[in-house]
Every structure is written in C-alpha cells, then in structure tokens.
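Numbering (our numbering), first residue to last: 1234 to 1455. For every residue, glycine included, the Cβ atom is placed at its ideal position computed from N, Cα and C. Report on the following structure.
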C-alpha cells in the first residue's frame, strides 16, 4: 500500500486513497473508512467534497477518463485517413486501459449494471436505452446512477463511431452499422486488455497495427 503525501490538499489525498483502495478491493468491498484512514482525513471531509462513496468513485473515474476522451476527440478532428485515425485511437486506448485496468474493470462490471444483466439496446436513430436480460427493473435513481457510468464508456465509443462513419461515407469501408461495428471493435479490444496477460515483446504501436489490419482486412491471406 502506497503512502499518501499529507501535504497535498485533502480532496487530492482522498482521490489518491480512493484509487488505491478501489483498485485493490473493488467497488463493493471498498469502504469509506479504509479510504479515510489512508488519506488521513475525517469522514466529514469526504462528505464535504464528494457526498458519498458512489460520487467519490464517479469523480475518480471521470477524472481519469476526461483527458483521455479529449485525446480521442482530437484524433477524430484530425485530418488523418480512416485507417490512421483508428490506429491513433488504439494508440490512445491501449495504454489508457493498461494504466487504469483495475478501475476500468470496476466501471465495466460492478457499477455499469453488467453483473446484474443490464445492457444497452441500440435504437434505429442511433440512440440507446438500458434493458435487462432477466426482466428486472431499476428505480429511477438506480437507472440514472447506472446511466452516468454507462455514458463515460459511451463517449469513448462515440468517437470510434464517428471515425467508422466517416470511413463508410468516403467509401473506404463497406456500408453497414457504424454504431454496432464500433462497439464490437471497442468491446473486443477492451476485454482483451482487461483480461489478457499480454505479450511484453509487443509494443503498443505493433498491437495497434495488428488491430487495424485485422479489423479492416480480416485474417484471410490477400
């Protein structure tokens, strides 16, 4: 367990402690008491800055994703070709997932409703809504809680949707469903990084090249 610099502002100490505890124990088993002890603050200080455990975790994850999302948006806005944009997207995604693997696992499995069977259903207009595999329902508060975590993931995927849509519009890629295509690519890469041990001899650039080649051209010998 790392030590927290006690000279840092209290809110920063709480976030650093939260990252340590959540990463090690997961969302459900992490306690505010353990975070408070590591941050060397009082419970009232946590409530003052973050309100509760859920808002603390959301603030922590959002603070990690926001600069990453800005990077993805810059890739989308660049004048690169579709294949170059997908490669740049992967060059940003791979290290981000690797560096934040523990927190992203919590985001993906514990707080976004996946473990309870909730999943997004894509509508014809490109929007989506939450549905349940088991017919369960969420209260309005629970629905909004899950939705805001889902939106953190959704914003990342939408950047890839835009890139793929451009590729289809320019004739570089076959016409199809860009939203579904983007989710397949994003989900496949994300699951591989979150669960695959990895091969240290591959650099991010080599992995990005491999992903782009297989995604665009498949495995068949050309």
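Cβ neighbour criterion (16 or more within 10 Å) applied to residue i
i	result
residue 1405	exposed
residue 1454	exposed
residue 1443	exposed
residue 1391	buried
residue 1261	exposed
residue 1320	buried
residue 1377	exposed
residue 1384	exposed
residue 1327	buried
residue 1340	buried
residue 1264	exposed
residue 1441	buried
residue 1400	buried
residue 1322	buried
residue 1459	Lying before the first or after the last residue shown, residue 1459 is absent from the chain, which here runs from 1234 to 1455.
residue 1412	buried
residue 1241	exposed
residue 1283	buried
residue 1419	buried
Residues that residue i bridges to, as DSSP identifies them
i	result
residue 1364	1352
Own chain, CB closer than 8 Å to residue i, minus 5 neighbours either side, in chain order
i	result
residue 1336	1252, 1255, 1256, 1293, 1294 and 1297
residue 1239	1246 and 1273
residue 1325	1301, 1304, 1305 and 1308
residue 1363	1346, 1351, 1352, 1353, 1354, 1371, 1376, 1379, 1380 and 1383
residue 1333	1297
Same chain, Cβ closer than 6 Å to residue i, five either side skipped, listed in chain order
i	result
residue 1329	1301
residue 1278	1243
residue 1414	1397
residue 1267	1254
residue 1311	none
Neighbourhood of residue i by C-beta, 7 Å cutoff - its chain only, sequence neighbours within 5 removed
i	result
residue 1235	1253
residue 1259	1339 and 1343
residue 1388	1302
residue 1437	1324, 1327 and 1328
residue 1449	1316
Residue i at chain D interface by Cβ criterion, 8 Å
i	result
residue 1282	Among the chains in the structure shown there is no chain D, since it carries only a single protein chain.
Q.
Three Cβ pairs or more, each shorter than 8 Å: is that satisfied between the segment 1262-1280 and the segment 1243-1253?
A. Judged by Cβ distances under 8 Å, the segment 1262-1280 makes contact with the segment 1243-1253, as three or more pairs qualify.
Q: Kindly provide the ranges of any beta strand (DSSP E) runs that are 3 or more residues long and lie completely inside the segment 1280-1362, ordered along the chain.
A: Those beta strand (DSSP E) runs which fall completely within the segment 1280-1362 and span 3+ residues are 1351-1355.
Q: Please determine if the segment 1304-1312 and the segment 1273-1290 are in contact, where contact requires at least 3 C-beta pairs separated by less than 8 Å.
A: No contact exists between the segment 1304-1312 and the segment 1273-1290.
Q: Pair every Cβ in the segment 1403-1422 with every Cβ in the segment 1310-1328, then say whether three or more of these pairs are closer than 8 Å.
A: Touching, yes, given that three or more Cβ pairs across the two stretches are closer than 8 Å.
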